[in-house]
Ligand SMILES: Nc1ncnc2c1ncn2[C@@H]1O[C@H](COP(=O)(O)OP(=O)(O)OP(=O)(O)O)[C@@H](O)[C@H]1O
């Protein structure tokens, strides 16, 4: 991995306090998607969220980023209460959501050009920042390519670079590797840990895959369904320097077993078939 250190943002904590979310559905009773969730994420922490399909993982991410309001409870980022879409977050989705008519470097630069709060930085500043990030995700040689000329894993690395281009201190990742084959996924897991170390972001990472959660995270929050809730938060007692070799160690299996046991108490299977990668050009959220 590159030794480049893109500008480190201020580190931020997330505090989810007694958050309940009900969705109003026409001609139906309101739907309780999340019940009294409490969760503290420390500045610079890597937290994984696992749970059965429909337990509210994506809903919790959307609440954290202020895209939807809680029905009850509060969410804080550092000293600021979240009351609307936050500049402090950027999001990586399961599908890369790149614009197919723009090059890799143009896609990475997009959040800076769309930035609402600050004036667009000077061209040269944008170019340097994008070059730094492409180096970080090892795609410098592909800067002028179009997304359709890259593999799925490379496209997802572009979307990770794009998520780091602003100074947002929190990265929300919603099953970013769910549509990739196991080999690419494990490779990107290692790459993500290097990026996390280099950038100091606080990361909340949603996955169905318990091995992936244990490999990446400092702690794994296990959610249950019907209604969606947080049922356990498990410390992962593995050394922070991790590479693929750790997946064969007894301590790794022990952590996976603890998460699996907590999952078992939700009474639902955690690993549905991965959804196929959807082509999409919408929604650059930074
Ligand atoms: N805008 C909405 N209106 C009504 N119901 C919603 C809305 N968004 C989510 N839900 C419901 O809330 C529940 C939680 O959805 P969410 O997408 O957060 O689950 P998830 O754990 O991320 O699922 P998956 O792992 O399958 O992606 C689901 O039952 C879903 O149908």
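Residue numbers (the working numbering): 66 to 351.
Cβ atoms here follow ideal geometry from the backbone N, Cα and C, with glycine treated the same way.
Sub-8 Å separation of residue i and residue j beta-carbons
i, j, result
"residue 284", "residue 301", "yes"
"residue 114", "residue 271", "yes"
"residue 80", "residue 141", "yes"
"residue 207", "residue 201", "no"
"residue 87", "residue 118", "no"
"residue 228", "residue 157", "yes"
"residue 247", "residue 104", "no"
"residue 308", "residue 256", "no"
"residue 311", "residue 318", "no"
"residue 179", "residue 191", "no"
"residue 143", "residue 84", "no"
"residue 325", "residue 299", "no"
"residue 125", "residue 97", "no"
"residue 189", "residue 234", "no"
"residue 101", "residue 95", "no"
Given residue i as reference, the closest of the options once Cα atoms are compared
i, options, result
"residue 175", "135, 251, 231", "231"
"residue 328", "294, 266, 132, 239", "294"
"residue 219", "84, 160, 296, 305", "160"
"residue 204", "233, 169, 305, 188", "169"
"residue 292", "76, 104, 116, 251", "116"
"residue 277", "297, 262, 239", "239"
"residue 163", "313, 104, 217, 308", "217"
"residue 150", "139, 296, 133", "133"
"residue 273", "262, 263, 298, 244", "244"
"residue 249", "262, 263, 221, 261", "221"
"residue 279", "211, 314, 233, 263", "314"
"residue 353", "290, 193, 262", "No answer is possible for residue 353: it lies beyond the span of the chain, which begins at 66 and ends at 351."
"residue 289", "90, 266, 121", "121"
"residue 147", "213, 186, 76, 82", "82"
Bridge partner(s) assigned by DSSP for residue i
i, result
"residue 261", "None, per the DSSP bridge assignment."
"residue 295", "288"
"residue 99", "86"
"residue 79", "106, 142"
"residue 319", "Answer is none; residue 319 lacks a bridge partner."
"residue 113", "270, 285"
"residue 225", "DSSP output for residue 225 lists no bridge partner at all."
"residue 154", "235"
"residue 300", "284"
"residue 137", "85"
Nearest-angstrom Cβ-Cβ length linking residue i and residue j, presumed shorter than 8 Å
i, j, result
"residue 198", "residue 152", "Not a contact, Cβ separation roughly 18 Å."
"residue 123", "residue 236", "15 Å between Cβ atoms; not a contact."
"residue 108", "residue 78", "5 Å"
"residue 106", "residue 172", "Actually they are not in contact, since the Cβ atoms of residue 106 and residue 172 sit about 28 Å apart, beyond 8 Å."
"residue 303", "residue 111", "With a Cβ gap of about 12 Å, residue 303 and residue 111 do not count as contacting."
Residue i Cβ short of 7 Å to ligand 3 heavy atom set
i, result
"residue 118", "As presented, the structure is devoid of ligand 3, carrying ligand 1 as its sole ligands."
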